[in-house]
Amino acid sequence: MVGVKNGKAVAIQGDPNNHNAGLLCLKGSMLIPVLNSRERVTQPMLRRQKGGRLEPVSWDEALDLMARKFRASIDTYGPNSVAWYGSGQCLTEETYVANKIFKGGFGTNNVDGNPRLCMASAVGGYLTSFGKDEPMGTYADIDHASCFFIIGSNTSEAHPVLFRRIARRKQMEPGVKIIVADPRRTNTSRIADLHIAFRPGTDLALMNGMAWVILHEELDNPRFYNKYAIFKTSDGKDATFDDYRAFLEDYTPDKVAKLCNIPEQQVWEAGRLFAESPATMSLWCMGINQRIRGVWANNLIHNLHLITGQICRPGATSFSLTGQPNACGGVRDTGSLSHLLPAGRVVANKAHRNQMEAFWGIPQDSMSPNVGYHTIALFEALGKADVKAIIICETNPAHTLPNLNKVHKAMSNPDTFITVIEAFPDAVTLEYADLILRTAGDGRGFTTCLSASASALRYRLKSIVKPGKKISGALLVGVAFILLFVSFGQISLAYEAGTGESAIYRGMVHEVSLRQVRRDENGRFRKELECRDEGALTDYLTSLPLLEIVDGGDDFYGQTGEQIVLLYDAPEDILSVILWDDYIKVVPFWENRAYYYHVSGGLDWGKLDQLLEETA
Numbered sequence: 000m001v002g003v004k005n006g007k008a009v010a011i012q013g014d015p016n017n018h019n020a021g022l023l024c025l026k027g028s029m030l031i032p033v034l035n036s037r038e039r040v041t042q043p044m045l046r047r048q049k050g051g052r053l054e055p056v057s058w059d060e061a062l063d064l065m066a067r068k069f070r071a072s073i074d075t076y077g078p079n080s081v082a083w084y085g086s087g088q089c090l091t092e093e094t095y096v097a098n099k100i101f102k103g104g105f106g107t108n109n110v111d112g113n114p115r116l117c118m119a120s121a122v123g124g125y126l127t128s129f130g131k132d133e134p135m136g137t138y139a140d141i142d143h144a145s146c147f148f149i150i151g152s153n154t155s156e157a158h159p160v161l162f163r164r165i166a167r168r169k170q171m172e173p174g175v176k177i178i179v180a181d182p183r184r185t186n187t188s189r190i191a192d193l194h195i196a197f198r199p200g201t202d203l204a205l206m207n208g209m210a211w212v213i214l215h216e217e218l219d220n221p222r223f224y225n226k227y228a229i230f231k232t233s234d235g236k237d238a239t240f241d242d243y244r245a246f247l248e249d250y251t252p253d254k255v256a257k258l259c260n261i262p263e264q265q266v267w268e269a270g271r272l273f274a275e276s277p278a279t280m281s282l283w284c285m286g287i288n289q290r291i292r293g294v295w296a297n298n299l300i301h302n303l304h305l306i307t308g309q310i311c312r313p314g315a316t317s318f319s320l321t322g323q324p325n326a327c328g329g330v331r332d333t334g335s336l337s338h339l340l341p342a343g344r345v346v347a348n349k350a351h352r353n354q355m356e357a358f359w360g361i362p363q364d365s366m367s368p369n370v371g372y373h374t375i376a377l378f379e380a381l382g383k384a385d386v387k388a389i390i391i392c393e394t395n396p397a398h399t400l401p402n403l404n405k406v407h408k409a410m411s412n413p414d415t416f417i418t419v420i421e422a423f424p425d426a427v428t429l430e431y432a433d434l435i436l437r438t439a440g441d442g443r444g445f446t447t448c449l450s451a452s453a454s455a456l457r458y459r460l461k462s463i464v465k466p467g468k469k470i471s472g473a474l475l476v477g478v479a480f481i482l483l484f485v486s487f488g489q490i491s492l493a494y495e496a497g498t499g500e501s502a503i504y505r506g507m508v509h510e511v512s513l514r515q516v517r518r519d520e521n522g523r524f525r526k527e528l529e530c531r532d533e534g535a536l537t538d539y540l541t542s543l544p545l546l547e548i549v550d551g552g553d554d555f556y557g558q559t560g561e562q563i564v565l566l567y568d569a570p571e572d573i574l575s576v577i578l579w580d581d582y583i584k585v586v587p588f589w590e591n592r593a594y595y596y597h598v599s600g601g602l603d604w605g606k607l608d609q610l611l612e613e614t615a
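Residues in the sequence shown are numbered from 0 upward in steps of one, following numbering that gives the first Met the number 0.
Rendered as structure tokens:
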């Protein structure tokens, strides 16, 4: 939140209703002097010839010139002669619009961004492990995890707000365990119950060793992985669990300890803590991602969760930390990479292209089926003038890309037109810009990034539902009346949400994959249930009249007693529905916020007992 006086930003504080609970990191707290800096680019600047001087121009002249350059390039050389290069610094909305314009309007998939480099391994890990580039966990899992496995991340310095949340969780629940795998002793490792200072480059061996311990001590969860997982070799060939077990025989704790230069007992302890925890959350960042075997490292983290069933439950998840504020929600989730389309779709899939064509209202089969240039290939194409016109938005590739001599030469090509959207004039990339456009963040508004936020979710929901179908109910709430609902001394505001059909997103749900009853206070599962009639269960839940508790969120715990936890499979993700006597909690696993609904008539436990029976 920004305080404004006389049209000028004068103060800033965190939003207490955000997942950061009002906390700001150092960068966030220093935004005021950044916004008010006199050094900011304040108007469009044009270089009328390569190597010439920049001169100020009007917005009309700047935009008209850019449009003419792009139009001429497309008409003369085809749509693949133009490109967009964005970043995880951009707003979700602006990246989505750019992606739509280039892929749906211009007809080119030459849309990429710097997350291609910093997050490529995380993307590859999620795709090869789960088939979709998306963490299934949320920030809310931090408040439910009983064990944290932190590797390749000095979270204390790189993600200080999240680290404070982890530390607070540890402080409030001393039984929570923290494993930090890092060759260095850092501020993060200071709160660890187990700090594993492995030899640099041996983390793959460490994680395979942890997996060996888990299998050797029968801490694995065969019921989970036999139902939900398949085994593959690194080259994609089919394998079996026995093949996996045989592979791990090269990673016994004694061998791993020698490779990693750590005490053997640490391998045993790490495996046990990871598997025996009621809910384990793994967190990692660039120490895992930016390396030759980064995808394999990501895969091994996911493997630990899959063989233990530590996944898709509150607090149990493998959760990649992004290096930029909006790399996931803004770039990856909007499909703004050269091989992607929004909401997990891919360019090479004809059905996916047709879905987006219908959603964007453009002719069927009008989108290009050809994957565009990825980051490195894009700048190589710029150097060859195969790309004639490019927009570079809120990133500095002339300073950050590998092999800068090659990049600078490419950007110097006299046969190209380079537009750069940038805030400060000292960015190296501006030396090669033909046209510079200033960013927002001045008196006209405040730029915010929406990674893992509700705004990113709304884009996803729009893309998941049938094109043209309107979403009503909980997501498009019309105020009908106010209910004062008192619980734990809190007064919570509730609005009419319609029925469970909208709250539980009927049409996305197609199978009840897990049914469980658990204790309310400690979250441990007590009994597992079987569903006699999945269709009847869904029909009942979606027919319930509901009232949305709008200020409940993750901090609303107004119910005690027995609860039923239903985990639904959806086409793209997983939806958790938790039932109490008179309200329901809905947790989309790709969202960072839970949704609470008051059931005015109460649940029909007799009907639920008819539909759900206890297993032996």
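No residue lacks a Cβ here, since even glycine has one placed at the ideal position from N, Cα and C. Predicted model, so just to flag it, every value in this text is computed and none were measured.
Here Ser365 is exposed: its Cβ has fewer than 16 other Cβ atoms, across all protein chains shown, within 10 Å. The three-state reading of DSSP puts Ser80 in helix, counting H, G and I together. Taking 8 Å as the cut-off, the Cβ atoms of Pro221 and Phe197 do not count as close. Scanning its chain for C-beta atoms nearer than 6 Å, with the 5 sequence neighbours on each side dropped, one finds around Ile300 the residues Ser281, Ser317, in chain order. Counting along the chain, Trp283 sits inside the beta strand (DSSP E) bounded by residues 279 to 283. Non-local C-beta neighbours of His338 in its own chain, meaning closer than 8 Å and more than five positions away in sequence, comprise Asn108, Val345, Val346, Ala347, Val370, Gly371, His373, ordered along the chain. Scanning the stretch 39 to 94 from its first residue to its last, the whole alpha helix (DSSP H) runs of 4-plus residues come out as 58 to 76.
Just measuring C-alpha positions, the residue of Ala61, Glu547, Gly13, Gly2 sitting nearest Leu434 is Ala61.
If you draw a 10 Å sphere on the C-beta of Leu25, you find fewer than 16 other C-beta atoms in it, and that means exposed.
Counting along the chain, Tyr594 sits inside the beta strand (DSSP E) bounded by residues 594 to 598.
Per the coordinates, the alpha-carbon of Ile361 lies some 32 Å from the alpha-carbon of Pro396. Around the C-beta of Leu403, fewer than 16 other C-beta atoms lie within 10 Å, and the residue is accordingly described as exposed. Assigned with DSSP and collapsed to three states, Phe148 falls in strand. Using a 10 angstroms sphere on the CB of Gln12, the tally of other CB atoms stays under 16, which defines it as exposed.
Here Thr239 is exposed: its Cβ has fewer than 16 other Cβ atoms, across all protein chains shown, within 10 Å. DSSP places Asp192 in the coil class of the three-state scheme, outside both helix and strand.
Distance check between Ile391 and each of Lys383, Leu429, Glu529, Asn153 places Leu429 closest, using alpha-carbon atoms only. According to the DSSP assignment, Ala119 belongs to the alpha helix (DSSP H) that extends over 119 to 129. Straight through space, the alpha carbons of Gly270 and Pro368 are spaced by roughly 45 Å.
Looking from the CA of Gly151, the closest CA among Gly200, Pro341, Ala274, Ala593 belongs to Gly200. Taking the Cα of Val179 as reference, the smallest distance to any Cα among Ile165, Met171, Pro173 is reached at Ile165. Collapsing the DSSP output to three states places Phe416 in a strand. Around the beta carbon of Gly50, fewer than 16 other beta carbons lie within 10 angstroms, which makes this residue exposed. Within the stretch 235 to 306, the complete beta strand (DSSP E) runs of at least 3 residues fall at 279 to 283. Here Gly286 is actually not in contact with Ser120; their C-beta atoms are around 11 Å apart, not less than 8 Å. Around the beta-carbon of Thr232, fewer than 16 other beta-carbon atoms lie within 10 Å, marking it exposed.
Distance from the Cα of Thr41 is smallest, within the candidate group Asp580, Thr541, Leu611, Glu421, for Glu421. According to DSSP, Tyr582 shares a beta bridge with His597.
Ranked by Cα distance from Pro324, the first of His143, Gly27, Met0 is Gly27. By the CB criterion at 8 Å, Gly235 and Cys89 fall outside the cutoff.
Nearest to Leu34 by alpha-carbon distance, out of Met118, Phe423, Asp532, Arg531, is Phe423. DSSP places Val110 in the uninterrupted beta strand (DSSP E) bounded by 110 to 112.
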